[in-house]
Amino acid sequence: MPTVVTIDPVTRLEGHLRADVTVDAVDGKQQVIEARLSGTSFRGFETMLVGRDPSEAPHLTQRICGVCSVPHGVAAALALEKAAPSTIPENARVLRNLVLGANFIQSHILHFYQLSLLDYVGGPGMPPWEPQWNTDRRITGEDGARLVDHYKAALQAVRQTNEMAAVFAGRQPHSPAFVPGGFTNVPTMDQVAAFRKYGGIIADFLRRVYVPDVDFVAARYPEYNQLGRGYGSLLAFGGFPLDAAGKGLFFSGGRMTDGGKESQPMSFEAVTEQVTHSWYDNGAANRHPSNGATAAVYPKEGAYSWLKAPRYEGQPCETGPLARMTIGGHYRKGISVHDRHRARAAEALKIVETLPGWLDEIKPGEAVYSRYAVPAEAEAAGLTEAPRGALGHWLKIRQGKIAHYQVVTPTCWNASPRDDQHTPGPIEKALVGTPVADPQQPVEVLRVVHSFDPCLACAVHVCRPANTARAIVL
Amino acid sequence: MRISRRAFLRCCALASASLGLGPKELTDLEKALADPGAPSVLWLQGSGCSGCTISFLNYIAPSEPVDAAEVLIRSANLLYHPTLSAGAGEAVVAEVRKASNYILLVEGGVPTAFGGHACAPWSDGGREVPFLEAVRTLAEKARQVMCVGTCAAYGGISAMGANPAAVKSVSEAIGKSTINVSGCPPHPNWIVETLVPLLQGKAVTLDGRGRPVSLYGGRRMCDDCPFHGRGEARSLGERGRCMEALGCWGELGSAPCPTTQWNNRVNWCIAAGSPCLGCTDPTFPGTTSLLRQRGGGRGPGGGRGRGRGRG
Numbered sequence: 001m002p003t004v005v006t007i008d009p010v011t012r013l014e015g016h017l018r019a020d021v022t023v024d025a026v027d028g029k030q031q032v033i034e035a036r037l038s039g040t041s042f043r044g045f046e047t048m049l050v051g052r053d054p055s056e057a058p059h060l061t062q063r064i065c066g067v068c069s070v071p072h073g074v075a076a077a078l079a080l081e082k083a084a085p086s087t088i089p090e091n092a093r094v095l096r097n098l099v100l101g102a103n104f105i106q107s108h109i110l111h112f113y114q115l116s117l118l119d120y121v122g123g124p125g126m127p128p129w130e131p132q133w134n135t136d137r138r139i140t141g142e143d144g145a146r147l148v149d150h151y152k153a154a155l156q157a158v159r160q161t162n163e164m165a166a167v168f169a170g171r172q173p174h175s176p177a178f179v180p181g182g183f184t185n186v187p188t189m190d191q192v193a194a195f196r197k198y199g200g201i202i203a204d205f206l207r208r209v210y211v212p213d214v215d216f217v218a219a220r221y222p223e224y225n226q227l228g229r230g231y232g233s234l235l236a237f238g239g240f241p242l243d244a245a246g247k248g249l250f251f252s253g254g255r256m257t258d259g260g261k262e263s264q265p266m267s268f269e270a271v272t273e274q275v276t277h278s279w280y281d282n283g284a285a286n287r288h289p290s291n292g293a294t295a296a297v298y299p300k301e302g303a304y305s306w307l308k309a310p311r312y313e314g315q316p317c318e319t320g321p322l323a324r325m326t327i328g329g330h331y332r333k334g335i336s337v338h339d340r341h342r343a344r345a346a347e348a349l350k351i352v353e354t355l356p357g358w359l360d361e362i363k364p365g366e367a368v369y370s371r372y373a374v375p376a377e378a379e380a381a382g383l384t385e386a387p388r389g390a391l392g393h394w395l396k397i398r399q400g401k402i403a404h405y406q407v408v409t410p411t412c413w414n415a416s417p418r419d420d421q422h423t424p425g426p427i428e429k430a431l432v433g434t435p436v437a438d439p440q441q442p443v444e445v446l447r448v449v450h451s452f453d454p455c456l457a458c459a460v461h462v463c464r465p466a467n468t469a470r471a472i473v474l
Numbered sequence: 001m002r003i004s005r006r007a008f009l010r011c012c013a014l015a016s017a018s019l020g021l022g023p024k025e026l027t028d029l030e031k032a033l034a035d036p037g038a039p040s041v042l043w044l045q046g047s048g049c050s051g052c053t054i055s056f057l058n059y060i061a062p063s064e065p066v067d068a069a070e071v072l073i074r075s076a077n078l079l080y081h082p083t084l085s086a087g088a089g090e091a092v093v094a095e096v097r098k099a100s101n102y103i104l105l106v107e108g109g110v111p112t113a114f115g116g117h118a119c120a121p122w123s124d125g126g127r128e129v130p131f132l133e134a135v136r137t138l139a140e141k142a143r144q145v146m147c148v149g150t151c152a153a154y155g156g157i158s159a160m161g162a163n164p165a166a167v168k169s170v171s172e173a174i175g176k177s178t179i180n181v182s183g184c185p186p187h188p189n190w191i192v193e194t195l196v197p198l199l200q201g202k203a204v205t206l207d208g209r210g211r212p213v214s215l216y217g218g219r220r221m222c223d224d225c226p227f228h229g230r231g232e233a234r235s236l237g238e239r240g241r242c243m244e245a246l247g248c249w250g251e252l253g254s255a256p257c258p259t260t261q262w263n264n265r266v267n268w269c270i271a272a273g274s275p276c277l278g279c280t281d282p283t284f285p286g287t288t289s290l291l292r293q294r295g296g297g298r299g300p301g302g303g304r305g306r307g308r309g310r311g
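Residue numbers (our numbering), protein chains in the order written: chain A, 1 to 474; chain B, 1 to 311.
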């Protein structure tokens, strides 16, 4: 007998999400047979940028998200620099990578400890960590107490990683240092030394606390090495340019389909948007999104989310650390709940170990900014990677003002609703087959959803993948 | 002999090993010793980015509470926070529903489009509750309503431009003045140094924009800025010069950033080479520009709500 279980709010993620899962017995085991994820907040950033000075896009779009504001600053700046076009001083390229790298690490630590861990362990026995579903607890006693201590230590590590980023960025979150033409902060030797010192502290935390804890939890909940696989279809745009032309990337872009052994290059022309199950006007469904304005429509027959459904060659794709690390050949253990946590931790470690080399490239006192003039007419895209996955900003400038702005966010891919073919989004698919022992406390559902690290403020701000006849050359 | 609660707890912590008290028992003890009359806290998020929450979590100070964890364990009984709450779904909605004697914190603006369904923070009894309704209902019973961040206080970036979700400030949405800890984001010190006195029942003096005077009031940023009078920057990327010509808000803005600095004093916006964008101001982000225009401010309308507190 199928039962619909609703979790609203899904807590411990960024933004507003509701999950409705249908639970029924399959081969005698109660499990999810269907899932619907609803982004329950509409922001409308795209239309709100129209008419503004394009050079302010990095400042404004960072406010799409306060956990991952840096990648939005980067993507906006990249789009503007493609629009001009212009090259930025080498110092600026390196500073952006350093700050973005720190932002990734901050986000990943926060995600495992503050957002995910309490699906597996009891927290401190007081609000906001009570009430808590007290079910399927396999980590208790001293082990549980140790992880609670690590939760508190992680808050310190998150604070310190934000400080590390702010050494150059001025402030976290929402750094004013990201501008078209480069970066505002001229680095000093003291700043380089401070960033390096923080890096060492954070590297210790990652190696001695975060990475071992991910493995510890996975060992106690081994079935989640298979659960939550989803489509097994991965996507990355690539990010962290390693040279002035942006040809070499620290994380390469690519596409890997279910069962694929090799990643294929990705092409932005293959990206489409679908709105059949989203609260937007159906009239835009078959138009090139970059040329149309999509109006919010609520209520709407069949729609259940403020997220649209980005699809690649018509297929849903997962994006994020697991996608990046797998496509880049750095992680090949599989696709599951724990693989996402492991890949995220491995990515944080990979970044922290790379930061010192980047620091060595900084030339204290030298230029960070080359004068940028907003073009009168231009169209360009800025593509990068955010902690949660592939991120793109598309911009059209007319008469020197923003005429059109759209953002493709990673969570829009991951948490998308069904598309025009009624094909579920990646998390909706990943939930199918998840056992639910107690429909009053469906913690198993939280474990799968949280493994994707959803960020809904990013996703619901009207994300439309751009569509263009030109290939995007990074 | 009088002993402060703090000192007693310290003794307990030291003795806990021999008493066999584990972390859970200690936190229970602290909870029991807390002033039973002190209000709890409900923290809601509307249309925003969670940047204010991340900023709060960055809190670090030399005196108690020394960090965000300590605020949550010792100073504030935080009944609900969407990003931090361990529970989900009906379990947390029940906590919100039965809350009494609380301070309401709101982060993010209040969307009012589509009958308020542009933002639904939870379902109650199978019905999606619009954020507009949640804020109004909870503000009614709240001891105080404190806005965390410029979006909640004045509309901010969440209400800019076309504003298709029809986002309003909290005070516009509830029809009452609010305590406005503005900033995009606000400095963690501003959040904690306003919340903790409120929890202790102390009055907070507000300026004409509803902001705590002790934190935001009194001085032009220029008066404390180390680059004041140090030449004029003509371009971004120059180090250590006054950026008034680039549109810096220091002359008009009042925020204590030159003295508090940011992120445990590693840096701050102006020292990082950016003109101040005036993010604590009701007009942020302006209608046409973030930057201060020659001859005055940037005009009304950037932040949708007025959000003027009356102190």
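Beta carbons: idealized from backbone N, C-alpha and C, even for Gly.
Practice task
Could you work out which residues of chain A lie near residue 146 of chain B, taking near to mean beta carbons separated by less than 7 Å?
Solution key: Residue 146 of chain B sits at position 146 when you count from the first residue of the second sequence. Going along chain A, no residue has its Cβ under 7 Å from residue 146 of chain B, so there is no contact; the nearest lies around 17 Å.
Exercise for the section: Decide if residue 8 of chain A is buried, meaning its Cβ has at least 16 other Cβ atoms within 10 Å, or exposed. Expected result: Here the question's residue 8 of chain A lines up with position 8 in the first sequence. Answer is buried; the Cβ neighbour count reaches 16.
Problem - Contact between the stretch 401-408 of chain A and the stretch 51-64 of chain A (3+ Cβ pairs under 8 Å) - result: Yes, since at least three Cβ pairs between the stretch 401-408 of chain A and the stretch 51-64 of chain A fall closer than 8 Å, the two stretches touch.
Practice task
Using 10 angstroms around the beta-carbon of residue 419 of chain A, count the other beta-carbons present and answer buried if the total reaches 16, otherwise exposed.
Solution key: Mapped onto the first sequence, residue 419 of chain A falls at position 419. The residue in question, residue 419 of chain A, is buried, as its Cβ has 16 or more Cβ neighbours within 10 Å.
Exercise for the section: Measure the alpha-carbon distance for residue 328 of chain A versus residue 239 of chain A and round it to whole angstroms. Expected result: Counting from one through the first sequence, the residue named residue 328 of chain A turns up at place 328. Counting from one through the first sequence, the residue named residue 239 of chain A turns up at place 239. Separation of residue 328 of chain A and residue 239 of chain A (C-alpha to C-alpha, rounded to the nearest whole angstrom) is 11 Å.
Exercise for the section: Could you tell me whether the stretch 193-213 of chain A touches the stretch 312-324 of chain A, using the rule of 3 or more Cβ pairs below 8 Å? Expected result: In this structure the stretch 193-213 of chain A does not touch the stretch 312-324 of chain A; the number of beta carbon pairs closer than 8 Å is below three.
Problem - Chain-ordered chain B contacts of residue 454 of chain A [CB-CB under 8 Å] - result: By one-based count along the first sequence, residue 454 of chain A stands at place 454. None at all; the shortest Cβ gap to chain B is about 12 Å.
Problem - Beta-carbon neighbours of residue 169 of chain B, restricted to chain C and to distances below 7 Å - result: In the structure shown, chain C cannot be found, because the protein chains are A and B.
Exercise for the section: Assess, as a yes-or-no matter, whether the stretch 305-312 of chain A is touched by the stretch 268-284 of chain A under the definition of 3 or more beta carbon pairs within less than 8 Å. Expected result: Output reads yes: the stretch 305-312 of chain A touches the stretch 268-284 of chain A.
Handout entry: Min CB distance residue 193 of chain A to chain B below 8 Å
Key = Mapped onto the first sequence, residue 193 of chain A falls at position 193. For residue 193 of chain A, no Cβ of chain B is located within less than 8 Å of the residue's own Cβ.
Exercise for the section: Closer than 6 Å by C-beta to residue 465 of chain A: which residues in its own chain qualify, once you throw out the five before and the five after it? Chain order, please. Expected result: Against the first sequence, residue 465 of chain A aligns to sequence position 465. Confidence at residue 465 of chain A is low in this model, with a pLDDT of 34, below 50, so its placement is unreliable and no value can be given for it.
Practice task
Keeping to the same chain, check which residues put their C-beta closer than 6 Å to that of residue 147 of chain B; ignore five residues upstream and five downstream.
Solution key: Taking the first residue of the second sequence as position 1, residue 147 of chain B is located at position 147. Around residue 147 of chain B: 106, 153, 170, 178, 180.
Exercise for the section: Please specify which runs of the beta strand (DSSP E), each continuous and at least 3 residues long, are wholly inside the stretch 110-183 of chain A, giving them in chain order. Expected result: If we require 3 residues or more, the stretch 110-183 of chain A turns out to have no beta strand (DSSP E) run fully inside it.
Problem - Partner residues on chain A for residue 81 of chain B, Cβ-Cβ distance less than 7 Å - result: Position 81 of the second sequence, counting from 1, holds the residue named residue 81 of chain B. Ordered by position in chain A, the residues that pass the 7 Å Cβ test against residue 81 of chain B are 128.
Practice task
Report yes or no: is there a C-beta of chain A within less than 8 Å of the C-beta of residue 263 of chain B?
Solution key: Counted from its first residue, the second sequence places residue 263 of chain B at position 263. For residue 263 of chain B, the answer is yes, since a Cβ of chain A falls inside 8 Å of its Cβ.
Exercise for the section: Ignore the nearest five residues each way along the sequence and tell me which others in residue 468 of chain A's own chain have a CB closer than 6 Å to its CB. Expected result: Translated into positions along the first sequence, residue 468 of chain A becomes position 468. Caution is warranted here: a pLDDT of 32 is assigned to residue 468 of chain A, below 50, making its placement in the model unreliable, and no coordinate value can be reported.
Problem - Beta-ladder partner(s) of residue 397 of chain A, from DSSP - result: Sequence index remark: in the first sequence, residue 397 of chain A carries index 397 (1-based). A/378, A/402, per the DSSP bridge assignment.
Practice task
Report the option in B/195, B/237, B/202 whose CA atom is closest to the CA atom of residue 168 of chain A.
Solution key: Here residue 168 of chain A refers to the residue found at position 168 when the first sequence is read from its first residue. For the set B/195, B/237, B/202, the Cα lying nearest the Cα of residue 168 of chain A is the one of B/237.
Handout entry: Assigned secondary structure, residue 447 of chain A (DSSP; H/G/I helix, E/B strand, else coil)
Key = Numbered from its first residue, the first sequence carries residue 447 of chain A at position 447. Residue state, collapsed to three classes: helix.
Problem - Exposure of residue 240 of chain B, with buried meaning 16 or more beta-carbon neighbours within 10 Å - result: Counting from 1 along the second sequence, the entry for residue 240 of chain B is found at position 240. Result: exposed.
Exercise for the section: Round the Cβ separation of residue 246 of chain B and residue 226 of chain B to the nearest angstrom and send it over; I've been treating them as touching at under 8 Å. Expected result: Your numbering for residue 246 of chain B matches position 246 in the second sequence. Your numbering for residue 226 of chain B matches position 226 in the second sequence. Contact doesn't hold; Cβ gap of about 16 Å is too wide.
Problem - Member of A/444, A/362, A/246 whose CA lies at the smallest distance from the CA of residue 86 of chain A - result: What you label residue 86 of chain A is simply residue 86 of the first sequence in a count that begins at 1. Nearest of A/444, A/362, A/246 to residue 86 of chain A, Cα basis: A/246.
Handout entry: Cβ-based contacts, 7 Å cut-off: residues of the stretch 77-105 of chain B near chain A
Key = So the close ones are 77, 78, 79, 80, 81, 82, 83, 84, 85, 86, 87, 88, 89, 91, 92, 95.
Practice task
Pick helix, strand or coil for residue 62 of chain A, following the three-state DSSP scheme.
Solution key: Against the first sequence, residue 62 of chain A aligns to sequence position 62. For residue 62 of chain A, the secondary structure class from DSSP, reduced to helix, strand or coil, is helix.
Problem - Extent of the continuous beta strand (DSSP E) to which residue 80 of chain B belongs - result: The count along the second sequence starts at 1 and reaches residue 80 of chain B at position 80. Its beta strand (DSSP E) spans residues 78-80.
Handout entry: Nonlocal neighbours in the same chain, by C-beta distance under 8 Å from residue 82 of chain A, ignoring five residues either side
Key = Within the first sequence, the letter at position 82 stands for residue 82 of chain A. Cβ contact annotation for residue 82 of chain A (same chain, cutoff 8 Å, sequence separation greater than five): 380, 381, 382, in chain order.
Exercise for the section: Drop a sphere of 10 angstroms on the beta-carbon of residue 142 of chain A, count the other beta-carbons inside from all chains shown, and report buried for 16 or more, exposed for fewer. Expected result: Here residue 142 of chain A refers to the residue found at position 142 when the first sequence is read from its first residue. Around the Cβ of residue 142 of chain A, a 10 Å sphere holds fewer than 16 other Cβ atoms; the residue is exposed.
Handout entry: Interface residues of chain A facing residue 117 of chain B [CB-CB closer than 7 Å]
Key = Translated into the one-based positions of the second sequence, residue 117 of chain B becomes position 117. Within chain A, the residues near residue 117 of chain B are 298.
Practice task
Please compile the residues from chain B whose C-beta is within a distance smaller than 8 Å of the C-beta of residue 283 of chain A.
Solution key: Numbered from 1 along the first sequence, position 283 holds the residue referred to as residue 283 of chain A. Taking a Cβ-Cβ threshold of 8 Å, none of the residues of chain B is close to residue 283 of chain A; the smallest such distance is about 16 Å.
Handout entry: Any C-beta of chain A under 8 Å from that of residue 68 of chain B
Key = Translated into positions along the second sequence, residue 68 of chain B becomes position 68. Chain A contact via Cβ: present.
Handout entry: Cβ of residue 44 of chain B within 8 Å of any chain A Cβ
Key = Here the question's residue 44 of chain B lines up with position 44 in the second sequence. No - not a single Cβ of chain A is within 8 Å of the one on residue 44 of chain B.
Problem - Chain-ordered neighbours of residue 61 of chain B on chain A, where CB pairs are closer than 8 Å - result: Position 61 of the second sequence holds residue 61 of chain B. Counting only Cβ-Cβ distances below 8 Å, residue 61 of chain B has no contacts in chain A at all, with the closest Cβ about 11 Å away.
Practice task
Please list the partners that residue 172 of chain B has in chain A, where partner means a Cβ-to-Cβ separation under 8 Å.
Solution key: Walking along the second sequence from the start, residue 172 of chain B turns up at place 172. Neighbours of residue 172 of chain B on chain A: none; closest Cβ ~18 Å, over 8 Å.
Problem - Short Cβ contact (8 Å threshold) for residue 68 of chain B with residue 56 of chain B - result: Walking along the second sequence from the start, residue 68 of chain B turns up at place 68. Walking along the second sequence from the start, residue 56 of chain B turns up at place 56. Yes.
Practice task
Return yes when the Cβ of residue 68 of chain A is within less than 8 Å of the Cβ of residue 412 of chain A, no when it is not.
Solution key: Your numbering for residue 412 of chain A matches position 412 in the first sequence. Your numbering for residue 68 of chain A matches position 68 in the first sequence. No.
Handout entry: Contacts of residue 267 of chain B in chain A (Cβ-Cβ under 8 Å)
Key = Taking the first residue of the second sequence as 1, we reach residue 267 of chain B at position 267. Within 8 Å Cβ-Cβ: 166, 167, 168, 169, 170, 171, 185, 191.
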